[in-house]
Each structure stands twice: as C-alpha cells, then as structure tokens.
Amino acid sequence: MILTTTEVFFTIITIALATFLTRLIPFILFPANKSIPGYIEYLGNVLPFAIIGMLIVYCLKSVSLINYPYGIPELIAITFIVFVHKWKHNLLLSIGGGTILYMVLVQIIFI
Amino acid sequence: MKLRALKSAFPHTTPVMTGYIFMGTAFGILLSSKGYGLWWAIFMSITIYAGSMQFVAIEILSSPFNLIAAVILTLTVNARHLFYGLSMLTKFRDMDKLRPYMIFSLTDETYSLLCSTPPPKDIDQKWFYFFIAILNHSYWVIGSAIGAASSSILKFNTKGIDFVMTALFIVIFIEQWESSKNHISSLVGVIVTLLCLILFGSQHFIIFSMLGIFIILTSLRKTMEGSAENDFNHN
C-alpha cells in the first residue's frame, strides 16, 4: 500500500459514488412521478437488444486477430455456445460448457 | 411471498453466481497482491460493485492519491451504465423502497438478467427483481472475500475464466434473437460496436459505440415502431 488508510478510504468512496452516479442519471432525468416521453420509452424497449450485442464485443475487445492465437479459441468457444444453446437451451450447459472449453483451449491447446 | 420470490429468482442467477464468484476471486487475489487485505476487498465489493471498474480501481489504488483522476476514470469506464437505466425506468417504477438499491446494483450482468427474465405470473415481481439483484451482489462480495482470504493458498490456473461473462452475454443474445422477429437492434449493437472498436481502438470505443447506437436507433424509430408494434413489449 502506497496510500494512507484515509486516502484509500476516500478513493474507494469516490469511485463508488461516481459508479452510482452513472447508474442514477437516467432516473434523475426521468423521475418516477412524471410520465416517460414516447421516444425514451422506445429507446428503453430497443436498447437492451443493442446493449447485449455491445457487451459481447466489449468482452472480446482484447482479442487480437493478427497475433497468435488469432482469436481462434474465442471463435471455437462461441461456436460451441451457439450450437449447444440452440440445441438444448440449457443455460448452465451453454455457459459452463463454453467457459470450460475456452479455459482448456487457452491453457492447454493454444499456449 | 418473499421466500417464494427468492426461490424462483435463484435458479436464474446461477450463471452469474459462477461468473461472479470466479471473477470476484480473481479480483480478491489481485487486490491482495497489491497489499490490500480481506476487509478492503469486501468493502470495495459492497460499495463500488462494478466488475471491470474494480479491476481498474486496483490500478488507481496502486498509484499516487488523485481523486479527480479517479472520478474521470470511473465515469469513462462506467459510461455504458447510462444506457441501462433508460430501459429500467418502467420496470423500477413500482419498486418503492427497493428502488434506490435496484439502481445502485445495476451491473452489466444484473441488467442483462432483468432484461431477459420475465417474473413468473404468480410471483411478486418487485421482490423477484430485488432478489436477482441482491443475490448477484452477494456472489460478487463472497467471491472477492474468497480471493482475498485465500490468495496464498489458491493456486489453480484461472486463465480464461473471465470468458464466463462473454458466454453469458452470448446466451442472452441468442435468447433475445429468438424472442423477437425484428433483429435490427441486436445487429446495430454488434456492428456499430465492432466498427468503433476497429476505428477508435479498445481504449475509447465504448463512448463512440454508445453514441452510434443512440443515433442509429433514434433515426430508425419510425421503421422499428411501424414494423414491430408489439415485438419488444415483453421486455
């Protein structure tokens, strides 16, 4: 620790408050006692679809296609998840299986 | 009533449980490697409760004291949360006393579960959502505590474990795809973000992606509302 206990405490509280702020702003702009404009309601309905797509890319942002292993482990694991999920629709099997497959790929096969 | 809501919420949270306990453990191990012990890990995971931000926070805590830099970095890393509230305005409307906690605990994973999990008909919706949120939070705190407490003992190779989050989002993406006839929004999300990643690099692309998604979905409003009147309503 290079910071004093007080400095650590205030740094953590500051980060916590700033994080809460990013989550709170939409609710301040559109308080519960006022009706939500049609446009915002539209955004609220369509955004979840786009955001999940965005989060997938966000998770894969560090994958390099020009350096070894060229994103191959990710491609294999994602293909596995898509097929297994389409086939069985079992959350734990798709997510657990896909993750274990990916770990095996990056730890043992694509070293 | 509450117990039934808890029982029916729990199975939906198991993928996040796996993810958060492992990711939390990784966080706890990394934090204690910088000299911060168990209680700091628990304190951070209770108060900050934001996965990627807490990993960034470890860097901040290993640098000289600078609150302004901490605020700017936090707002940048967490800017995507601005979007989440917009799709939860209606859902959180009747949450009364639980509302502040629901807003506080709106992580990527909780958000995606709340979007993709309609509460069963005979269950109190308010408590169902609350238990999803608080169960997820508890997994994250427990994971961090495990990591911080056992950093000297736990030595198994966790490389690749963070893929569990990617897997969760992919599965939710598939479920959303199957639940809706209109795939424009899903495609906009993936394509715009990919383009921004290529154009702006992995440091800054999220802000640009959000802007791009925002502009495109806004300009498509007429088309989307015309072609899929009730398509999105169950979300």
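Sequence lines, in order, name chains A and B. Last residue of the first sequence: number 134 in our numbering, and the count goes up by one each step with no gaps. Last residue of the second sequence: number 240 in our numbering, and the count goes up by one each step with no gaps. The beta carbon of each residue, even a glycine, is placed where N, CA and C say it ideally should be.
Under the three-state DSSP convention, the category residue i falls into
| i | result |
| --- | --- |
| asparagine 71 (chain B) | coil |
| isoleucine 84 (chain B) | The question names isoleucine, but residue 84 (chain B) is alanine in the sequence shown. Note: alanine 84 (chain B) maps to coil in three-state DSSP. |
| asparagine 90 (chain A) | coil |
| arginine 98 (chain B) | coil |
| tyrosine 54 (chain B) | coil |
| isoleucine 253 (chain B) | A question about residue 253 (chain B) goes unanswered here, because the residues of chain B that appear run from 6 up to 240. |
| leucine 83 (chain A) | coil |
| threonine 23 (chain B) | helix |
| histidine 17 (chain B) | helix |
| leucine 26 (chain A) | coil |
| isoleucine 158 (chain B) | coil |
| tyrosine 41 (chain B) | coil |
| alanine 62 (chain B) | helix |
| leucine 8 (chain B) | helix |
Residue i classed as buried or exposed, judged by whether at least 16 other C-beta atoms fall within 10 angstroms
| i | result |
| --- | --- |
| threonine 34 (chain A) | buried |
| histidine 17 (chain B) | buried |
| lysine 131 (chain B) | buried |
| glycine 76 (chain A) | buried |
| proline 71 (chain A) | buried |
| tyrosine 91 (chain A) | exposed |
| proline 96 (chain A) | buried |
| methionine 49 (chain B) | buried |
| asparagine 56 (chain A) | exposed |
| asparagine 162 (chain B) | exposed |
| asparagine 113 (chain A) | exposed |
| isoleucine 218 (chain B) | buried |
Discussion item. Assess contact between the stretch 60-72 of chain A and the stretch 90-110 of chain B, defined as three or more Cβ pairs (one per stretch) separated by less than 8 Å. Is contact present?
Written reply: A contact exists between the stretch 60-72 of chain A and the stretch 90-110 of chain B.
Worksheet item: Counting pairs of beta carbons, one from the stretch 168-183 of chain B and one from the stretch 63-80 of chain B, are three or more of them closer than 8 Å?
Response: The stretch 168-183 of chain B makes no contact with the stretch 63-80 of chain B; the number of CB pairs closer than 8 Å stays below 3.
Fill in: Any 3 or more C-beta pairs closer than 8 Å across the stretch 101-121 of chain B and the stretch 21-29 of chain B
Yes, since at least three Cβ pairs between the stretch 101-121 of chain B and the stretch 21-29 of chain B fall closer than 8 Å, the two stretches touch.
Fill in: alpha helix (DSSP H) segments (min. 4 residues) lying fully within the stretch 175-212 of chain B
With a minimum length of 4 residues, the continuous alpha helix (DSSP H) runs that stay inside the stretch 175-212 of chain B are 189-205.
Practice prompt. Indicate whether the contact test is met: 3 or more Cβ pairs, each with one atom in the stretch 49-66 of chain B and one in the stretch 47-67 of chain A, closer than 8 Å.
Written response: Counting Cβ pairs under 8 Å, fewer than three are found: no touch.
Worksheet entry | Cβ pair count under 8 Å reaching 3, the stretch 147-157 of chain B against the stretch 26-40 of chain B | With a cut-off of 8 Å on Cβ pairs, the stretch 147-157 of chain B is in contact with the stretch 26-40 of chain B, counting three or more such pairs.
Worksheet item: Three or more beta-carbon pairs under 8 Å between the stretch 202-214 of chain B and the stretch 82-99 of chain A, yes or no?
Response: Yes, since at least three Cβ pairs between the stretch 202-214 of chain B and the stretch 82-99 of chain A fall closer than 8 Å, the two stretches touch.
Worksheet item: Does the pairing of the stretch 48-63 of chain B with the stretch 27-36 of chain B give three or more beta-carbon distances under 8 Å?
Response: In short, these stretches touch, since the Cβ pair count reaches three.
Item to complete: Give a yes or no on contact between the stretch 176-189 of chain B and the stretch 104-114 of chain A, applying the rule of three or more CB pairs nearer than 8 Å.
Response: The stretch 176-189 of chain B makes contact with the stretch 104-114 of chain A: 3 or more CB pairs, one atom from each, lie closer than 8 Å.
Worksheet item: Does the pairing of the stretch 133-140 of chain B with the stretch 43-53 of chain B give three or more beta-carbon distances under 8 Å?
Response: Flag = no, the stretch 133-140 of chain B and the stretch 43-53 of chain B do not touch.
Worksheet entry | Cβ contact (3+ pairs, closer than 8 Å) linking the stretch 73-91 of chain B and the stretch 179-198 of chain B | Taking one beta carbon from each stretch, the stretch 73-91 of chain B and the stretch 179-198 of chain B have fewer than 3 pairs nearer than 8 Å; the two do not touch.
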